[in-house]
Structure formats: C-alpha cells, structure tokens
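The numbers in this note's numbering rise by one with no breaks, and the one at position 47 of the first sequence is 60.
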Amino acid sequence: MNSIRKLFDILFDYYGPQHWWPCQTGARWEIITGAILTQNTSWTNVEKAIGNLLSAGLMSPESVLATPDTELQELIRPAGFFKQKSAYLKAMASFMLERELAFEQSADVWALRKELLSVKGVGRETADSILLYAFNKPIFVIDAYTRRVAERHLHLDGTLHYDILQKTFMDALPPDVAIYNEYHALIVALCKESCHKTACGEICKKIANFS
DNA sequence: AGCCAGGACTGAG
DNA sequence: CTCAGTCATGGC
14 MNSIRKLFDI
24 LFDYYGPQHW
34 WPCQTGARWE
44 IITGAILTQN
54 TSWTNVEKAI
64 GNLLSAGLMS
74 PESVLATPDT
84 ELQELIRPAG
94 FFKQKSAYLK
104 AMASFMLERE
114 LAFEQSADVW
124 ALRKELLSVK
134 GVGRETADSI
144 LLYAFNKPIF
154 VIDAYTRRVA
164 ERHLHLDGTL
174 HYDILQKTFM
184 DALPPDVAIY
194 NEYHALIVAL
204 CKESCHKTAC
214 GEICKKIANF
224 S
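Structure follows, in structure tokens:
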C-alpha cells in the first residue's frame, strides 16, 4: 500500500463521503461557474456571486452570453477579479454551447483537457475541476490545498509542477472517478478543519501514525 | 492595517 | 520555461 492510498483511506474513514461539488442547483453550468469564480478567491465570496447570478436568473450559458458585460460584472463583483472573470465566463459559455454534447460523449480525457486549456481563463486546475466535477471524467485535481497536504502529510515537494504532482497521485490510485472526486473533497475537508490552524486536530495524529 | 484566498494571463529574460 | 506583476473582493 502506498502512502497516497493510505491517506485516502484515513480521510474517508474519518470524514465519510463528501458528495462534492458544493453547489446549490447541482447544474453543470453552476459547477463550471464556481470553478472559474473561485480562482484565487475564497469560496464564501464565490457563493455570494453565484447567489447573485441565481437571483438574476442568469445561471446558464445562454443567459450569460445575453447579458451586457457591465451588468454581469456587477453580479459577480463579490468574487473579485470581476472584469477578467466576466470575460472568462462568456468564453466558457460559448465553448459549452459548442462542445458540451461532445464532452458528454467522449472518453478521451486528455484530449478534452487540451481543448479546455485553449479557452481563455481556463488553466490546469480549472480544466481538471470542470472535467471531474461537471463531466465526471477520471482526472485528478491539484490545487493549493492539495499541495499543502502533499507537502505536509505525504512528504512530497509541494512546489512540483502541476502535471508532475497530478501524475504522482493518479499513478498511485485506481483510475476511478469516484475516488478522484472524493479524494479532492476530503483534502479540502482536512484543510478547512486544521491546516490553517497552528495546532493539528485529531485527524492529523491519525495521519502521523502512518507517515 | 495588512495578509491571503480552492489561479490565469501577460511580458520579460 | 521560469518569474514577477496584475487583477479585486471580503474575512480575519
């Protein structure tokens, strides 16, 4: 058993299933919207922006594209970087209108990833989050939390290149959407409980026993 | 009063 | 390819 799998087992045993992505409607476009709005931004701010969009009846690619930039920017303002992100949302909305069906049908995850990376505003993490949580494709998401946990609990170099770190996790795990989905969610759960605090909680002691 | 949050783009070297 | 500068709000 490798330590990456062990950590998953410990976290799953401790926290249980997380049923991500955090979402009001569960709609695919809301997941995609959240993935873009949360770029370098706390989730509480993203929730406000998403709430504004829902209240305004603008939670779909079509309605977003039909909204003037300045109006869209006001709605997503709480999520920060609102000028950039309004453009990113529209770019992604156009892309979805064009490619959503093809994405549902294709099993070539890496080809889909490459396509997503060509959309303005979509980097590696955003692309992988969309693939995993909006389309249920088997790909592992690396983010700031993952890097923190990798360094702190798995003795890995948290500054490794995204693709390298991603491959490290994927090679150590079964190619299973449910596992990739849960693992990332569990890492977030762990970080929200203890990684920001100076003192580690009970869970960190359990992890320490193995590593 | 700063510092930072579930990044990505751009330009420079 | 690596690196700094830029983008912006809200919570602590």
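Each residue gets a CB set at the ideal place from its N, CA and C atoms; glycine is no exception.
- Residues of the same chain with a CB within less than 6 Å of the CB of residue 19, apart from the 5 flanking positions on each side, are 223 in chain order.
- Fewer than three beta-carbon pairs drawn from the region 46-58 and the region 110-123 are found closer than 8 Å, and the two stretches are therefore not classed as touching.
- Annotation for residue 198: 31 and 33 place their beta carbon closer than 7 Å to its own, counting only its chain and skipping 5 residues before and after.
- Annotated as distal: residue 53 and residue 92, with beta-carbon spacing of 8 Å or more.
- Across the set 144, 24 and 60, the C-alpha of 60 shows the shortest separation from the C-alpha of residue 35.
- At a Cβ-Cβ threshold of 8 Å, residue 152 and residue 126 count as neighbours.
- Between the alpha carbons of residue 40 and residue 64 lies a distance of about 14 Å.
- In this structure, residue 107 keeps its C-beta atom at 8 Å or more from the C-beta atom of residue 85.
- For residue 150, the secondary structure class from DSSP, reduced to helix, strand or coil, is coil.
- Note on geometry: alpha-carbon atoms of residue 105 and residue 42 lie some 10 Å from one another.
- Annotated as proximal: residue 159 and residue 200, with beta-carbon spacing under 8 Å.
- Relative to the Cα of residue 207, the nearest Cα in the group 73, 123 and 165 belongs to 165.
- Look at residue 214 here: in three-state DSSP terms it is coil, with no helix or strand label.
- Taking 8 Å as the cut-off, the Cβ atoms of residue 101 and residue 145 do not count as close.
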